[in-house]
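Peer 1: The numbering used here numbers the first residue of the sequence shown as 7 and each following residue consecutively.
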Amino acid sequence: MAISSNWKGAMKAWTSQVFGHERGIFPIIDPFKIRSLYVHIPFCADRCSYCDFFSVPLIKDPTFSTIEYEISYVQATLMNIQNWSKLFGAGPFSTIYLGGGTPSVIDRRALKILIDDLEQFVDTDCEWTIEANPDSLDKALLDMLAGTGVNRISLGIQTLSEEEWPILRRVGSIDEAVQAIELLCEYPFELSVDLLMGIPNKTDKGRQGHSSIMNSLEYLIGRVSHLSIYDLTLEKGTLIESQVSSGKLIMPDSDELAEERDKVDLYLEGQGFHRYEVSNYAKPGHECRHNAVYWNMEPYLGVGSGGVSTIQYPMCEESQELGTIIRITETRDISAYIEAPMEIPKDIEIIDKKTALFEFLMMGFRTSRGIDLKRIKSLFGIDVEECIPSALKRWNSEIVRNGDFVALRPDNFDILNRFLVECLEELDL
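1. With distances taken from CA atoms, which of THR244, GLU188, ASN418, HIS46 is nearest GLU404?
2. Measure the beta-carbon distance from SER42 to HIS296 and round it to whole angstroms, keeping in mind my assumption that it falls under 8 Å.
3. Would the region 115-123 and the region 379-399 be scored as touching if the rule is three or more Cβ pairs under 8 Å?
4. What is the rounded straight-line gap between the Cα of TRP401 and the Cα of ALA362?
5. Quick one, are the C-beta atoms of TYR103 and ALA152 less than 7 Å apart?
6. Within the region 144-183, note down every full beta strand (DSSP E) run reaching 3 residues or more, in order along the chain.
7. Between the alpha carbons of CYS429 and SER78, how many angstroms are there, rounded?
8. From LEU263 to PHE366, what distance separates their C-alpha atoms?
9. Give the single residue among GLY278, ILE219, ARG333, ILE354 whose Cα lies nearest to the Cα of GLY228.
10. For PHE38, which of SER91, GLY107, ALA186 has the nearest alpha-carbon?
11. Return helix, strand or coil for PHE32, following the three-state DSSP convention.
12. Look up THR316 in the DSSP assignment and say whether it is helix, strand or coil.
13. Just to check my reading of the structure: LEU189 and LEU161 have Cβ atoms closer than 8 Å, yes? What is that Cβ distance to the nearest angstrom?
14. What does DSSP give as the partner residues of ASN286 in its beta bridges?
15. Quick test of the definition: if touching needs 3 or more C-beta pairs under 8 Å, does the region 276-290 touch the region 221-238?
16. Just to check my reading of the structure: LEU238 and ILE205 have Cβ atoms closer than 8 Å, yes? What is that Cβ distance to the nearest angstrom?
17. Is ASN408 buried or exposed, if buried means 16 or more other CB atoms sit within 10 Å of its CB?
18. Say whether the region 335-345 touches the region 124-141, bearing in mind that this needs 3 or more beta-carbon pairs closer than 8 Å, one atom from each stretch.
19. For SER179 and PHE371, I'd like the C-alpha separation in whole angstroms.
20. For GLU137, which of helix, strand or coil comes out of DSSP?
21. What are the boundary residues of the alpha helix (DSSP H) that includes ALA342?
22. CA-CA distance, SER142 and VAL309?
23. Pick from THR335, MET368, THR244: whose alpha carbon is nearest that of TYR300?
24. For a test of the three-state rule: what should DSSP assign to ALA96, helix, strand or coil?
25. Assuming LEU202 and GLN249 form a contact by the criterion Cβ under 8 Å, report the distance between their Cβ atoms to the nearest whole angstrom.
26. What is the DSSP secondary structure of SER42, counted as helix, strand or coil?
27. If we require 4 or more residues per run, which alpha helix (DSSP H) segments fall completely within the region 340-424?
28. Pick helix, strand or coil for ILE112, following the three-state DSSP scheme.
29. Identify, in the order they occur along the chain, each residue of the same chain with its Cβ nearer than 6 Å to the Cβ of THR335, setting aside the five sequence neighbours on each side.
30. In this structure, what does DSSP give as the bridge partners for LYS208?
31. Could you spell out the range, first to last residue, of the alpha helix (DSSP H) harbouring SER198?
32. Taking 7 Å as the threshold (C-beta atoms), are ILE136 and VAL80 in contact?
33. Whose C-alpha, out of PHE195, PHE411, GLU182, is nearest the C-alpha of VAL156?
34. Of the residues ASP268, ILE173, GLU265, ALA298, which one's Cα is nearest the Cα of THR244?
35. Closest by CA to GLU283, which one among LEU414, LYS254, ASP434?
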C-alpha cells in the first residue's frame, strides 16, 4: 500500500519550515527504531462518570455501531499503520496495545479483521494486549482471541462494590464482572485488572469517601498477575466532577487516601506483588512491557482516531537546538479519519529540549527502575545530575542509585509531585 504523495509532501514541507532546511528532517536522518504500536478504538458502550478519554458512546449514536462503519474504521486504521510503518521504518512490533474506548465492544467481525491483519506486524514473543469490559466479554470473544496473537487482557473493573458501581456509572453489573474474571481464568491469557481508589460516596452515607478496594483485592488475588490501581481524579467536564462540585458526592481526604494506599502496598507485597510504577503492581515477570515503553520514553506509533505517536531522532545538526522528539496526534473527527486517514492534517509538535528532558524525568521517576542516566546523556548530551543537583541533594534520603539508574524509593512515591516540581524549577537548558 503506497504512502500518499500529497500527505508525504505536506509532511516534508512542514518539517522543512520548522527546521529551516530545504529537505526537512525526515529525509536527512532515520528515527530510532519503533517497536511498539498503540491502536485506539474510540467506541464504548456508554461513558463512565469519571472518564475524559476520547471515546464515542455507541448508545448515543447508533451510526457508530453498524458493522459497515466499524469495518470502515478498522480498514482506515490498518491503512494508517501500513503508511506510518513504511514512512518511519517501524516494526515488527514487540508490543501491541488495543485500547480505547472499549475495543471489545465493536462487532466481532470488525475486530477479527483488525487482529488478523495486525498479525503481519508481530515480532516473536510480542506482548499483545486488548482492553475489555465485563459487559462485552464472553466465551465466543475469548475463543476467537485465543486463536490469534493476542496474549494479554486488560479488564476494566474499577470496583467490585455494589455501592460504588452506580457512582462510576459502569455498564453492566458486579455479577457480570465476577463472571468475566472467572471465565478468563479458564484461558491462558495474562490477566490485568484496573481498579480505582478514592471513589467518592454519597454525603448522607457518612463514610467520607472510604472505598472497598481491599475487598476487591482479596477476591482478585490468585486470579490475576497484574493490577493497575489508579487514584480517581476529578476531570473537568465529567459527571462525577460536577456531582462532587455540587455536594452530591464527597471525596476522601488526602490523608485517608494515603493511608489506604499504604494498606494496599502492604497487602499486595505480602501476596507476591511488587509496586513497579506509581499505579501498577505485578508478580515478578508479569510487568506490562507496553506501558514500560511510555515510562521509558521510547518511540511508538499511535494510530486510530485520536491516537498519538512519539517519534525520536538521534541528535544531529538540525535537531540539536529544537529537540529530538516529534509528537503526532491523529484527528478526533472519526468520519474524516475514515474517509481519508492519510490525507487529513495532523497535529504535529516538536518537543523542545527542556520539555523533552522533563518528560523523561516525569515518566522515569514514576517507576521503581527510575531514570537511565546513560540513555539521557546519549539523547541530550547532558548529565542529568548536573542539571538538578539541588533537587537530588534535598531528596537524597528518598533516592536509590543502581548503576546508571536513579529512582525514588517505591514506598515514597507520594513525594513524586513535589520532587518533580523542584526538578522543573531547577532545569535551565
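The beta carbon of each residue, even a glycine, is placed where N, CA and C say it ideally should be.
Everything numeric in this text was worked out from a predicted model, so none of it was measured.
Peer 2: To lay it out plainly:
1. ASN418
2. 6 Å
3. no
4. 23 Å
5. no
6. 158-164
7. 46 Å
8. 27 Å
9. GLY278
10. SER91
11. Note that PHE32 has pLDDT 47, beneath the 50 cutoff, so the model's placement of it is unreliable and no number is given.
12. strand
13. About 10 Å separates the two Cβ atoms, so there is no contact after all.
14. SER234, GLU283
15. yes
16. 6 Å
17. exposed
18. no
19. 37 Å
20. strand
21. 340-345
22. 23 Å
23. MET368
24. coil
25. Rounded, the Cβ-Cβ distance is 15 Å, inconsistent with contact.
26. strand
27. 340-345, 359-370, 379-386, 390-393, 395-400
28. coil
29. VAL314, ASP353
30. LEU255
31. No alpha helix (DSSP H) contains SER198, which is instead part of the beta strand (DSSP E) from 196-203.
32. no
33. PHE195
34. ILE173
35. LEU414
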